[in-house]
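Q: Below you will find the structure I want to go over with you.
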Amino acid sequence: MEDTFYRSFRTISNRSVRDCNKVADTCATLVLQASFCFDSFSFADIPSNLSNGKTFKKPRRPYEKERLDAELKLVGEYGLRCKRELWRVQYALSRIRNAARELLTLDEKNPKRIFEGEALLRRMFRYGLLEEGQNKLDYVLALTVENFLERRLQTQVFKSGMAKSIHHARVLIRQRHIRVGRQVVNIPSFMVRVDSAKHIDFSLTSPFGGGRPGRVKRKNQRAAAKKAAGGDGDEEDEE
C-alpha cells in the first residue's frame with residue numbers, strides 16, 4: 001500500500017515539475033519577445049495626428065489667381081513669414097464662425113446658446129475683435145481675417161511707433177526686445193488683449209529699454225574711450 005502511494009506521489013511530482021518547466025520556458029519566450037519589441041519601438045512610429053491637432057487648412061484650389069493675390073497682399077501688409085500663418089488665422093476664424101452659426105440655430109432661450117454665446121462674445125470683446133455695442137452673435141459672423149491680424153503683437157508694435165516698419169517689428173519681437181507687462185514675448189502672432197495693449201513696451205534688458213548697450217554701441221564706446229585715453233597721454237607728453 002505504501003509503495004503504491006509513494007509511486008503515485010513521485011509520478012505527480014514529476015508531472016508538476018515538467019509543467020513548471022514548460023511554464024518557465026513559455027514565460028522566458030514571452031519576455032524575450034517583449035524585450036525585442038521594446039528595442040525595436042520608436043516614438044517616430046506614433047502617428048503625428050494623435051499628439052498634434054490641426055492648426056491650419058490648405059486651400060482646396062491651390063492655383064486660384066484672385067485668392068493668391070489677396071493672400072500675397074495680406075502677407076506683405078502684415079509682415080507674415082509665410083502663407084501658413086495666414087491659413088492659421090483663417091482656420092481659427094472659420095472655427096469661431098462655425099460655433100456662432102451653430103448657436104444661432106438654437107432657440108434664444110436655450111441654455112446652451114445663452115451660456116456659450118455669452119462666453120464667445122466675452123472672448124471677442126477681450127481681444128478687441130468686437131466693440132462694446134456689438135453684443136450679438138450676428139457680429140461674430142461678420143468678422144474678417146483683417147480683424148484678427150490687427151490684434152497680433154507684430155501689428156500692435158508697429159502701430160504704436162516702436163518699430164520703423166512691420167518687418168522691423170517682427171525682428172524686435174523675435175530678438176526679445178518687446179515685453180507685454182512683465183513678460184517678454186517673442187511670438188509675433190501673439191494675440192494682444194485690450195487690457196494688455198497699453199502695457200506693450202521695450203524689455204528692461206533690451207538696449208532700447210535702457211538695458212545693456214548693443215554690440216556696435218559697446219564697440220564705439222571702447223574706441224572712444226581708447227581715443228580719449230590716447231589724447232590725454234599726448235597732452236601729458238607735450239607738457
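Using UniProt numbering, the final residue of the sequence shown is 239, and nothing's skipped along the way.
For each residue, glycine too, the CB sits at the ideal point set by N, CA and C.
In terms of residue numbering, what span does the beta strand (DSSP E) encompassing residue 145 cover?
A: Looking at the DSSP string, residue 145 is not in any beta strand (DSSP E); the run it does join, the alpha helix (DSSP H), is 145 to 150.
Q: In three-state terms, what does DSSP make of residue 185?
A: Residue 185: coil per DSSP, three-state reduction.
Q: Check the DSSP bridge columns for residue 191 and list the partner residues they point to.
A: Answer is 152, bridged to residue 191.
Q: Taking Cβ positions, are residue 194 and residue 126 nearer each other than 8 Å?
A: It is a contact, given that the beta carbons lie within the stated cut-off.
Q: Using 8 Å for Cβ pairs, my map puts residue 185 next to residue 173. What's the rounded Cβ distance?
A: So it is a contact: roughly 7 Å between Cβ atoms.
Q: Beta strand (DSSP E) containing residue 107: first to last residue?
A: No beta strand (DSSP E) holds residue 107; DSSP gives it neither H nor E.
Q: Near residue 9, what residues of its chain come up, given a Cβ to Cβ distance below 8 Å and the 5 sequence neighbours on each side ignored?
A: In this prediction, residue 9 scores a pLDDT of 44, lower than 50, which makes its location untrustworthy; no coordinate-derived value is stated.
Q: Kindly indicate which three-state DSSP category residue 113 falls into: helix, strand or coil?
A: If DSSP states are grouped into helix, strand and coil, residue 113 belongs with the helices.
Q: Would you give the residue range spanned by the alpha helix (DSSP H) that residue 179 belongs to?
A: Careful: residue 179 lies outside any alpha helix (DSSP H), inside the beta strand (DSSP E) at 178 to 180.
Q: Using DSSP bridges, identify the partner residues of residue 201.
A: Answer is 179.
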